[in-house]
Amino acid sequence: MKAGGGAKKRKLSGWPESEASNKAIEFNSILHGNSSGLEVLLLNRIAIAKSLSPPPIVYDLDWNPKPRSCNGKNAIAMLACASSYGAHIYYYPRSTRTWTTVVMMNRPTRKGDCIRWHKSGRTLATTSNYSDEKDGKVTIFSYDNKTLCFDATGSYSIKEHRNVSSLAWITGTEILVGAIFPSSWLYFFELKEGLISCVHQEECNGFPTNSPIVLQPDPNTTYFFAACEDATKILVWNKLEGSDHIWTIIRSVDCDRGICGMQFGMLTRSLITIQKGHWNVWHWVEQKDLKLQFTSLNEHKIVKGKRLKYRSELISLGVSCTGKVVASGGTGDTFLVYAMTGTAAGPPIAVHWNPACSRNSNFCYGEVRCIKFNAKEGANLQIATGGDNGFIHIWALKKTSSRSKEKVDITPDRRYEHKYYSNHLQPEKIKIPSTSDDEEDDEDVDKEVVREGPFEVVVEYVDKEVVRVAQKPKFYQIREDAEAILEIINGGYDLPKEQIKLLCEKIISADDE
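Here the sequence shown is numbered in numbering that gives the first Met the number 0, starting from 0 and rising by one per residue.
Set out below in structure tokens:
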């Protein structure tokens, strides 16, 4: 539209109301660079604690490896988290198919940094940080078939104002390893009938005492790995031959300083470490040595430079069971997913971000502090993410068939989550990144109110801002001719990808005609 000219009349009255609301979309396949082989969908959102201020911070997540072992729950999936308000467990029953809270008797309400499921799926280990009145603690929860809830059956207090920064169940044993902070010591706890006792202590030689240690077990052997942010080596531990409780350092691998998290890809036999600005893939060679295989670029800063105007730093990492899919999270509402090609991880196959906004708003995912893949691999990979906004988001990485016709995703993105969740806070004003080089917005625009149930949407022709209108939000809508273009794209015609992209750009570009 030329400057100074009046706005063209764009009416959506020809669309059914339900269809008109669905037109309030953003083309994720173009704006977010989705791969044709994988589609990222937001499935659910779990509120940790409602009406709390400040909102809870989720520090750690873990999927139950055997949710059906909790008899009576009929759970398809079960998820536990450690937050600033203590530990929480949620399950997804087959009957209601909604995420529901599991009762935890004697639940710790203090902040905890880590939480881990036992291989049985009926035992959970979590931590509580020390306070002025209480010591730090490791607590064991066991499932009760009679009450259908989890109860605290055992605990161990960490003295001298110290916490547990990381937990790991060692494969093939009943040993739980805890990294004590601030210190360079590891405590080895043995689990017996729901109770734990400290059976051994070892020091990570060369690790500073003021840097939290992170642990990662090998899911196939009794090995585990230890690293910390201020050290320049990864320590490989294994059980001492002839002993059930003693582990020793068998190898030290040189690395760059800054490791703050680790994950393990079981099928690819690779250890993936996260450092400030990038992540590394280490190949676990014949259970003897770690060889650096791949180093990522600083994708979060690259995305920031291309798409965002907001600060973004890499702070969390998740790896699928196969090790072929990696997800990284950061500040500035960034969540990136990578696919493995050959022996190295390729460019991001899906990028999700949103404008900066109020932390208390459902528009914002905030800092993605923890990411966990569901260990049950299938057609749809499930990812749980947690951060500082008081919610756990459940994602699905859906593999699309190369033979099926390619469709443009018109699922409402998270700017429209108010349609699915009633408990939310709306920001006063949100800036949406422009989809064209022309940043000028015309003020003379036509409006039309579209109503669907209790929701009211004000349709505007050019506007790229979301503000309050009569106490209800209004949203940017695509042009009227989008209906015809969508019919061409999704009509079964075998169009080249370049032509599909061109048609999408016609819809989302500014009107300069």
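Beta carbons: idealized from backbone N, C-alpha and C, even for Gly.
* Asked: Would a C-beta distance cut-off of 7 Å place Val280 and Ile271 closer than the cut-off?
  -> Taking C-beta atoms as the reference points, Val280 and Ile271 count as a pair closer than 7 Å.
* To do: Would you tell me roughly how many angstroms separate the C-alpha atoms of Pro53 and His244, rounded to the nearest one?
  => Going by the C-alpha atoms only, they are around 42 Å apart.
* Asked: Roughly how far, in whole angstroms, is the beta-carbon of Trp394 from the beta-carbon of Leu40, given that I think they are within contact range, below 8 Å?
  -> Approximately 7 Å separates the beta-carbon atoms of Trp394 and Leu40; this is inside 8 Å, confirming the contact.
* To do: Within its chain, find whatever has a CB closer than 7 Å to the CB of Thr220; leave out the 5 residues flanking it on each side and keep chain order.
  => Cβ within range, chain order: Thr170 and Gln286.
* To do: Please name the residue or residues paired with Ser154 in a DSSP beta bridge.
  => According to DSSP, Ser154 bridges with Thr138.
* Trp62: first and last residue of the uninterrupted beta strand (DSSP E) it sits in -> Boundaries of the beta strand (DSSP E) harbouring Trp62: Val57 to Trp62, taken from the DSSP string.
* **Paired residues, beta bridge with Gln215 - DSSP** => The partner list for Gln215 (beta bridge, DSSP) reads Phe224.
* DSSP three-state assignment for Arg67, whether helix, strand or coil -> Helix, per DSSP.
* Asked: Buried or exposed: where does Glu159 fall if 16 or more other Cβ atoms within 10 Å of its Cβ makes it buried?
  -> Burial is judged here by how many other beta carbons sit within 10 angstroms of a residue's own beta carbon; Glu159 has fewer than 16 and is exposed.
* To do: Consult DSSP for Gln262 and reduce its assignment to one of helix, strand or coil.
  => In the structure shown, the three-state DSSP call for Gln262 is strand.
* Secondary structure of Leu51, DSSP reduced to three states -> Here Leu51 sits in coil by DSSP.
* Three-state class that DSSP yields for Pro92 in the structure shown -> DSSP places Pro92 in strand when its eight states are reduced to three.
* Asked: Helix, strand or coil: which one does DSSP assign to Thr208?
  -> Here DSSP, grouped into helix, strand and coil, assigns Thr208 to coil.
* Anyone know if the C-beta pair for Ile212 and Ala167 falls short of 7 Å? -> Against a cut-off of 7 Å, the Cβ pair of Ala167 and Ile212 comes out as no contact.
* To do: Return the CA-CA distance between Ser327 and Thr321, expressed in angstroms with no decimal places.
  => C-alpha separation (whole angstroms): 16 Å.
* Asked: If you drop the 5 nearest sequence neighbours on each side, which residues of the same chain put their C-beta closer than 8 Å to that of Cys113?
  -> The residues are Tyr58, Asp59, Ala81, Thr125, Thr126, Val163, Ser164, Ser165 and Leu166.
* To do: Could you check how far apart the C-beta atoms of Asn154 and Lys136 are, in whole angstroms? I think they sit under 8 Å.
  => Residue identity check: residue 154 is Ser in the sequence provided, not Asn. So it is a contact: roughly 5 Å between Cβ atoms.
* Asked: Since Tyr186 is in the beta strand (DSSP E), which residue starts that stretch and which ends it?
  -> DSSP places Tyr186 in the uninterrupted beta strand (DSSP E) bounded by Trp184 to Lys191.
* Asked: How big is the Cα-Cα spacing for Pro571 and Thr99?
  -> Because the chain in this structure spans residues 0 to 512, residue 571 falls outside the shown range and cannot be described.
* To do: Tell me whether Glu159 sits in a helix, a strand or coil according to DSSP, three-state version.
  => Note: Glu159 maps to coil in three-state DSSP.
* C-alpha gap between Asn144 and Thr152, whole angstroms -> The alpha-carbon separation between Asn144 and Thr152 amounts to approximately 14 Å.
* In chain order, what residues of the same chain lie with their CB nearer than 8 Å to the CB of Tyr84, ignoring the 5 residues before and after it? -> Ile47, Ala48, Leu51, Pro55, Thr108 and Lys110, listed in sequence order.
* **Buried or exposed by the 16-neighbour rule on C-beta atoms within 10 Å, applied to Lys232** => Using a 10 angstroms sphere on the CB of Lys232, the tally of other CB atoms reaches 16 or more, which defines it as buried.
* DSSP three-state call for Glu201: helix, strand or coil? -> In this structure, Glu201 counts as strand in the three-state DSSP scheme.
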